[in-house]
Structures are given as C-alpha cells and as structure tokens.
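These notes are about the structure you will find just below.
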Amino acid sequence: MNYQETIEYLYTQLPMFTRDGASAFKKDLTNTIELCKRLGDPQHGFKSVHIAGTNGKGSTSHMLAAILQTAGYKTGLYTSPHLKDFRERIRVNGQMISEQTVIDFVARHRADFGEIAPSFFEMTVALAFDVFAKEKVDIAIVEVGLGGRLDSTNIITPLLSVITNIGWDHMNMLGDTLQLIAGEKAGIIKPGIPVVIGENQPETAQVFIDKAKQEGSPIQFASEVWTIEEKSKVKSQKSKNQARTELLDLIITKISPLTNHHSPLSIALDLTGFYQLKNVKTVLSAVEELRNQGFTITDEHVVTALKQVKTLTGLHGRWEVLNMQPLTICDTGHNPDGIQEVVKNIAAVDYQQLHFVIGMVNDKDITKVLAMLPTKAIYYFCKPDIPRGLEAESMQQQALNFGLHGNTYPSVKAALSAAQANATDNDLVFVGGSTFVVAEVV
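Yeah, the sequence shown ends on 1080 if you go by the working numbering, and it's all consecutive.
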C-alpha cells in the first residue's frame, strides 16, 4: 500500500474515537501492552515526560518540546488529534515522521493488528513508541489522549508526570464530577515519580495530593510557584505579517518560598491566547524538575524556545490569526473551560461586530458551552466533516434557547466564506467550537 492507502486502511479498519466516539475508547491497557510486547517493548527504550489534563496539555507539550529541542536534546513529541496530517501526531525535533515510516510499520504489523484488534489510537501510540526507541531520542514528551489511568500512553514510566488542569469534558467516559475526572487524570502518577499539577483548583487539589502521597511522589502546584505579569496586551495589528509574528510579552517571577530565589524572567511568547499564561507556569515547573534530574536547560534556552514554539514544533490552532482583513482568528477550545478562555480572548480584541463560525460534535452536552457565548454575535452554524459532527440545524435550534442567532451552512468553509464576506474591516471573525472545525481552516 502507498501512504494514502495505508492511512485509509487505518481510518477504516480500526475503531477510531474521532469517528466512533466512546465505543473506540478501550477501558484497559491490554491491547497496547500486547502490541508493544510484539515490538520489543519500545516504551522502556527512551526517557519521557507524561502530560495529562482537560485543557492546555497540547500547548504545554509543544512548549516543553520546543525548550528541550533548543537545549540540544533530541526530542520526541506525541500529541493528538492531528489537524491536517496523521503524521503531526509523532514528531522528532519538530519534524513529522516520514510517510515511509507509517507505511513500513503498518505493513510489518498488519497481522498483529488482525490478532489484537487495537483501536486507531492504540496503534498510533505503539507506532510513536517504536519510532522514539528506534530514533534513540534523549527524551519524549507524551501527551495523554483521553483521561489518564486507562489511556494507552499510560504504559510508560516517565521522569515526570504533568497534569495541567481539570474541567468538564468526556464525562460519559471519565465520570460526572470533577473529582472523578481528576481521579482518572491522577492515574498517570507513578510510584516515586515527581508530579507537577498546573492549577491548584479547590475541587480537585486533594485528589492529587492524596494520590501523590499514596504513590510516594513529590508534588507541586505550578500556579503556587510562579507569578506572571503582562508587559503588553495583545492588540490586533494592521498588517498580516505583524499579526503572525505577534508576541505576548511577559515577566515571570518565582514566588514559592520552598525553592531558590529566581530573578524575574522576561519572556516573549508566540502563543498569544491569554490562557497560555497558566500553561507557561506549568512548563517552567516542569523545566525546573528536569533540571533537578540533570538536564542542562538554561533560561536562555527557555526564552529562545518560547518565542518560536509554532516554528519549532508545528503547533497550530491556538488563538491563531488566519487573516487580517477582516481579522479572522481560530482556536481549538471546545469544552466549557476552553470556551470560557476563548470568550475572554475575544473580549480583549477591539472590534465592531463579532461573526462566530461554530461547529461541534454530537456526543457531548453542548448547553454549558452555548450558555457562555456572546448573544450580540452573528452565528454561522456548520457541521465539522466527521461522522461525529453535530448537524448544523440541530445546533442552531439549541442555540436559539440561549439567544444565539444565525444561519446554517453546508460546510465549515462555506460558513467561514460567508462570515468573511459579511464582515467589515473593523469586525472580528472567530472560528471554533471544535478541534475538527479548526482543522478545516488552518
């Protein structure tokens, strides 16, 4: 099979969460363990950092990978889902794996897939671990797919576990209280392995403290260690070039009495969503822990990397400017906490009228999200081009209950075209509601 046929085979033959939802989520690690066993247990062949959380785990993973690359370490990066190309999920020093790597892996192990019947995600994890072991990476940043305890990635023993935050998402699989969701994420905490928790949230902090104590794992909350002051607010610029290279200027200071004095660090970040301020704290705590374990990472490495995370790692879809006239921005935030941050970012932009292109998936309760959205916007309802996409008409009907008005469109691109055609130069066009909507416009 060529690359296209190989990808088609993977998409059609293996249970896939993007397409099938909860039915593709395996409630144990048996398949992953068996598949990796047949590969020679590659998960034991490289050092790693394991990153979980409801929101921010992708940005945190990419920032940390960028810093390690800049510090001279051969760095593997495993994330999901991809936006355009399957190979985005597996990178070494920011470069996607080759098409041939995917073709060869599938050809070599197709019989194993037949016997084990792994999900798409389980197969991808096995491929990533196989690549990282064969490439002899110095360290791999491994992002959890869903939850933590039962996630396929949870067969690694990392140098460090990181959990960014806890919010409402995938309740049908992870539990219907924040404590239950936190319990699933806490499943990545391993005996004696340090853990960094991004946010100290009153509802869930104790879950992590108890689990860390049980496992004998040192724990810290990054939000208690660092304070961040913005030097300048993000402003919409008039030139496309300026907008694409725009940076968020930050002064970061250490505030924890438990650690050494740290002089303020001036950082310019190319991921300009305000929610990145939380993620930067998490990243800096992770860097400090890796330094404690012998990694040579200077402040200069950190500053240099954070200016160019997108360039170094290929990250897209995080408060990303797509166009300047009209100003068009997309963001992958899709659950209540993610949308809350999106709404904050929108409020910081100077515009006359907001045109909101929105699509979502059909297996989630979207009422919490709809209740947060601005009623003065004009909405462009569309269905992302995946089987789990929510029909635009259904979303439009539900949105009416929250005072949100707009028309439906046959595709994401049609909705975006209409929004840009209707917008004046002083308006803002925003595209989001789902990672899968953003995937169609970046």
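By construction, the Cβ of each residue, glycine as well, lies at the ideal position given by its N, Cα and C atoms.
Look at Arg729 here: in three-state DSSP terms it is strand.
Judged by their CB atoms, Ala690 and Ile835 are not nearer to each other than the 8 Å cut-off. Straight-line spacing of the CA atoms in Gly911 and Ile1024 works out to 27 Å. Annotation note: the stretch 999-1042 contains the following uninterrupted beta strand (DSSP E) runs of length 3 or greater, listed N- to C-terminal: 1016-1019. With the rule of 3 Cβ pairs closer than 8 Å, the stretch 915-925 does not count as touching the stretch 661-680.
Only buried fits Lys916, as 16 or more other CB atoms lie within 10 angstroms of its CB.
The beta-carbon separation of Tyr989 and Cys1020, rounded to 21 Å, does not stay under the 8 Å limit for a contact. The beta carbon of Glu853 sits closer than 6 Å to the beta carbons of Ile827, Pro829 from its chain, once the five residues preceding and following it are set aside; these are given in chain order.
Distances from the CA of Thr951 to each of Thr670, Ser697, Leu667 were compared; the closest alpha carbon is that of Ser697.
Beta-bridge analysis with DSSP links Asn961 to Thr966.
Taking one beta carbon from each stretch, the stretch 971-979 and the stretch 930-947 have fewer than 3 pairs nearer than 8 Å; the two do not touch.
With the rule of 3 Cβ pairs closer than 8 Å, the stretch 981-998 counts as touching the stretch 1060-1079. Between the C-alpha atoms of Gly732 and Arg748 there is a straight-line separation of about 28 Å. His954 and Val1080 have their C-alpha atoms roughly 7 Å apart. No Cβ-Cβ contact shorter than 8 Å links Thr795 with Val782. For Asp975, no beta strand (DSSP E) segment is defined; the enclosing uninterrupted segment is the alpha helix (DSSP H) at 974-985.
Of the other Cβ atoms in all chains shown, 16 or more fall within 10 Å of the Cβ of Asn669; this residue is therefore buried. For His747, the uninterrupted alpha helix (DSSP H) segment begins and ends at 737-754. Counting C-beta pairs with one atom in each stretch, the stretch 933-941 and the stretch 964-974 have fewer than three that are closer than 8 Å, which means they do not touch.
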